[in-house]
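Notes follow once the structure below has been shown.
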Amino acid sequence: MEDRFAFLTEWYDPTSALLRRYQLFYYPRDGSVEMFDVKNQRIFLRRTRYDDIHQEDLFIGNRVNVFSRQLHLIDYGDQYTANKLGSKKERTLALIKPDVVTKIGDILELIYSSNLIVTKAKMTKLTWSQAADFYAEHQGKPFFNNLVQFMSSGPVVAMELMGDEAMSIWRGLLGTSDPAVARREAPQSVRAQFGTDGIKNVGHGSDSPAAAARETEFFFPSTIGHGPSNTAVFTDCTCCIIKPHAISEGLAGKILNSISAAGFEISALQMFNMDQVNAEEFYEVYNGIVTEYPNMVTELCSGPCMALEIHGTDAPKTFREFCGPADPEISELRHRHIDTVRIRFQSEARPLPLCDLRLVERVCHIQIKVS
Ligand code: ADP
Ligand code: MG
1 MEDRFAFLTE WYDPTSALLR RYQLFYYPRD GSVEMFDVKN QRIFLRRTRY
51 DDIHQEDLFI GNRVNVFSRQ LHLIDYGDQY TANKLGSKKE RTLALIKPDV
101 VTKIGDILEL IYSSNLIVTK AKMTKLTWSQ AADFYAEHQG KPFFNNLVQF
151 MSSGPVVAME LMGDEAMSIW RGLLGTSDPA VARREAPQSV RAQFGTDGIK
201 NVGHGSDSPA AAARETEFFF PSTIGHGPSN TAVFTDCTCC IIKPHAISEG
251 LAGKILNSIS AAGFEISALQ MFNMDQVNAE EFYEVYNGIV TEYPNMVTEL
301 CSGPCMALEI HGTDAPKTFR EFCGPADPEI SELRHRHIDT VRIRFQSEAR
351 PLPLCDLRLV ERVCHIQIKV S
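Oh and the sequence shown: position 266 is 266 in full-length UniProt numbering, straight run, nothing missing.
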């Protein structure tokens with residue numbers, strides 16, 4: 001019998017301001033989809049081939065676009081799907097400590113090469129009491145004060161990672177708590193490579209499903225507007241959006257590395273799931289001006305994107321030059337061997353600009369509306 005995966009999904013209908021529920025069916029044999037309207041109990045979309053959805057996109061919490069509707073996958077639709085797709089899938093909190101935030105690109109590279117995906121990310125600076133709260137289980141231990149002091153001394157990057165056995169894979173990538181021991185036991189581990197001592201030891205990883213749930217909720221609470229805010233300063237800066245296609249191709253680490261290597265400071269970072277309305281607003285100035293406008297909007301809400309604040313004098317100008325022309329295929333530049341991010345990481349299969357630059361005020365505006 002043919003495989004069929006079922007999900008319960010929600011779609012926010014901006015016209016009626018209603019949350020509508022659909023069952024989404026996915027047939028991996030031919031990559032077709034089918035939708036069933038739960039409230040009205042009728043077929044909403046007949047089985048149709050749809051190349052923009054892949055089996056690896058189908059996990060609880062993700063958002064997928066089906067004919068311009070952004071569907072939020074909220075549950076499995078049947079036990080078969082839950083068993084087949086959900087059995088080993090885990091989420092974990094990965095926290096990059098203040099000592100190695102500048103190494104975020106390298107760390108993302110390791111994460112992607114271990115078949116984990118980053119579903120949420122935010123650079124934030126914890127207050128003393130937030131850090132103490134996060135590490136409450138260690139209260140009373142001799143190192144507690146130093147640990148909390150260090151964790152609130154500079155920005156950290158919190159991420160939710162997802163994948164098969166995400167918790168143990170991420171803790172394995174980190175290596176054991178003490179970097180000196182890690183250097184002996186697992187020289188390739190992140191703590192062995194980048195760690196200093198027991199306190200400055202690169203990162204944190206949840207150690208149980210309960211801890212993962214508590215810790216992701218701490219940084220990414222389900223209530224909009226709660227949780228530690230990002231580190232954006234909004235002065236002397238520009239905004240860079242790493243687009244969804246570059247995120248799903250696993251290029252975020254490489255792009256962040258090249259941004260740092262070129263001497264730019266990343267002063268804020270956050271992943272967003274843009275919906276149609278927000279993406280249209282973000283690109284509003286292009287509406288009716290460039291023919292690509294509808295495609296730009298579709299691309300921006302096709303999956304999570306990563307927004308960066310790039311800090312530095314004259315950043316809007318110098319960073320645009322660094323990103324290169326919007327069309328990476330411009331052959332003149334290729335011939336002249338000009339090295340820009342867009343040319344270097346462009347995938348041949350999908351000629352789209354990787355990054356987008358907008359005034360940072362616009363992102364600020366979006367942050368208020370998108371959780
Ligand atoms: P892990 O981070 O590997 O889960 P623990 O949960 O045991 O380790 O401890 C949390 C953090 O507290 C560690 O990452 C480390 O920074 C710090 N820590 C733990 N034990 C010590 C110690 N003996 N000396 C200094 N710091 C410690
Ligand atoms: Mg621990």
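In this text, a Cβ means the ideal position worked out from N, Cα and C, and glycines have one as well.
| Asked | Found |
| --- | --- |
| With 16 other Cβ atoms within 10 Å as the buried cut-off, status of PRO179 | buried |
| Contacts around PHE143, its chain only, beta-carbon distance under 7 Å, and the 5 residues preceding and following it disregarded | GLY198 and ILE199 |
| Span of the beta strand (DSSP E), counted from its first residue to its last, around ASN65 | 63 to 66 |
| Whole-angstrom distance between LEU93 and LEU174, CA atom to CA atom | 13 Å |
| Alpha-carbon to alpha-carbon, ILE74 and ILE60 | 6 Å |
| beta-carbon PHE144 near the ligand ADP non-hydrogen atom, thresh 6 Å | no |
| Identity of the residue in SER206, GLN23, LEU58 and GLY163 nearest ILE43 by Cα | GLN23 |
| The ligand MG heavy atom lying under 6 Å from the CB of ASP207 | yes |
| Helix, strand or coil at MET167 [DSSP, three-state] | helix |
| Supposed contact pair VAL148 and ILE96 - C-beta distance, whole angstroms, cut 8 Å | That belief does not hold up - the Cβ atoms of ILE96 and VAL148 are roughly 17 Å apart, past 8 Å. |
| Span separating the alpha-carbon of SER129 from that of LYS122 | 19 Å |
| Span separating the alpha-carbon of HIS204 from that of ASP106 | 16 Å |
| Residues near GLY77 by beta carbon distance below 7 Å, same chain, minus five either side | ALA6, PHE7, LEU8 and GLN23 |
| Three-state class that DSSP yields for GLU56 in the structure shown | helix |
| Same chain, Cβ closer than 8 Å to HIS54, neighbours up to 5 away in sequence not counted | GLY31 |
| Reference ASP57; option with closest CA among TYR293, ASN287 and ILE247 | ILE247 |
| Closer than 6 Å: HIS204 CB and nearest the ligand ADP heavy atom | yes |
| Close-in-space but distant-in-sequence residues of the same chain around ALA182 (CB under 7 Å, 5 per side omitted) | GLY175, THR176, SER189, ARG191, ALA192 and GLY195 |
| Helix, strand or coil at ASN146 [DSSP, three-state] | helix |
| Status (buried if at least 16 other CB within 10 Å, exposed otherwise) for ASN65 | buried |
| For PRO294 and ALA17, the rounded distance between their alpha carbons | 22 Å |
| Beta carbon of LEU126 nearer than 7 Å to that of MET159 | no |
| ASP51 versus TYR26, ASN40, VAL38 and GLN41, residue with shortest Cα-Cα distance | TYR26 |
| Burial state of ALA261, where buried means 16 or more other Cβ atoms lie within 10 Å | exposed |
| Closest residue to LEU110 among GLU292, GLU185, ALA279 and ALA252 (Cα-Cα distance) | ALA252 |
| Contact test: ILE199 Cβ vs the ligand ADP heavy atom, cutoff 6 Å | yes |
| Inter-stretch contact at 8 Å, needing at least 3 Cβ pairs: the segment 235 to 250 / the segment 81 to 91 | no |
| Cβ neighbour criterion (16 or more within 10 Å) applied to ILE289 | exposed |
| Contact check, residue 373 vs PHE218, beta carbons under 7 Å | The structure shown has nothing for residue 373, since the chain only spans 1 to 371. |
| Distance between beta carbons of LEU116 and ALA186, contact taken as under 8 Å | About 18 Å separates the two Cβ atoms, so there is no contact after all. |
| Backbone CA spacing between GLN70 and GLU10 [nearest angstrom] | 8 Å |
| Under the three-state DSSP convention, the category THR9 falls into | strand |
| Limits of the alpha helix (DSSP H) - the one that TYR80 falls within | 79 to 86 |
| DSSP state of LYS141 mapped onto helix, strand, coil | coil |
| Cβ distance (whole Å) where SER229 is taken to contact THR119 below 8 Å | Their Cβ separation, rounded to whole angstroms, is 19 Å, which puts SER229 and THR119 out of contact at 8 Å. |
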